[in-house]
Each structure stands twice: as structure tokens, then as C-alpha cells.
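Peer 1: Take this structure, written in C-alpha cells, and hold onto it; I'll ask about it next.
Residue numbers (this note's numbering): 48 to 85.
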């Protein structure tokens, strides 16, 4: 999800992780759900 960045240097960076992702033997089982600054 995209959320407004509190400062200019945080644009395009991950600001929050809602749900962690999981890997098993280098295979992604579930991607992380994150909030990115826009």
C-alpha cells in the first residue's frame, strides 16, 4: 500500500510492515505486506 511519506527522504522506502513474509528453502511462501511512502 502507498501512504503519504512524512518527509521527502522517506519517499519510496518501506515505512511499515503489516504482515511478515515467509521463505522455505529459498522459495517464497508468502510475500510481506508493507506500506511504502509516496
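Positions of the beta carbon are idealized from the N, C-alpha and C atoms, including for glycine.
1) What's the gap between the Cα of residue 60 and the Cα of residue 77?
2) Give me the DSSP bridge partner(s) of residue 74.
3) Name the residue from 53, 64 and 73 whose alpha carbon lies nearest to the alpha carbon of residue 81.
4) Using C-beta distances below 7 Å, list every residue in its chain close to residue 86, excluding the 5 sequence neighbours before and after it, in chain order.
Peer 2: If we stick to the structure as given:
1) One-based indexing of the chain shown puts residue 60 at position 13. One-based indexing of the chain shown puts residue 77 at position 30. Going by the C-alpha atoms only, they are around 20 Å apart.
2) As a first step, residue 74 must be located in the chain shown, where it is residue number 27. According to DSSP, residue 74 shares a beta bridge with 71.
3) Taking the chain shown and counting its residues from 1, one reaches residue 81 at position 34. Nearest of 53, 64 and 73 to residue 81, Cα basis: 64.
4) The structure shown has nothing for residue 86, since the chain only spans 48 to 85.
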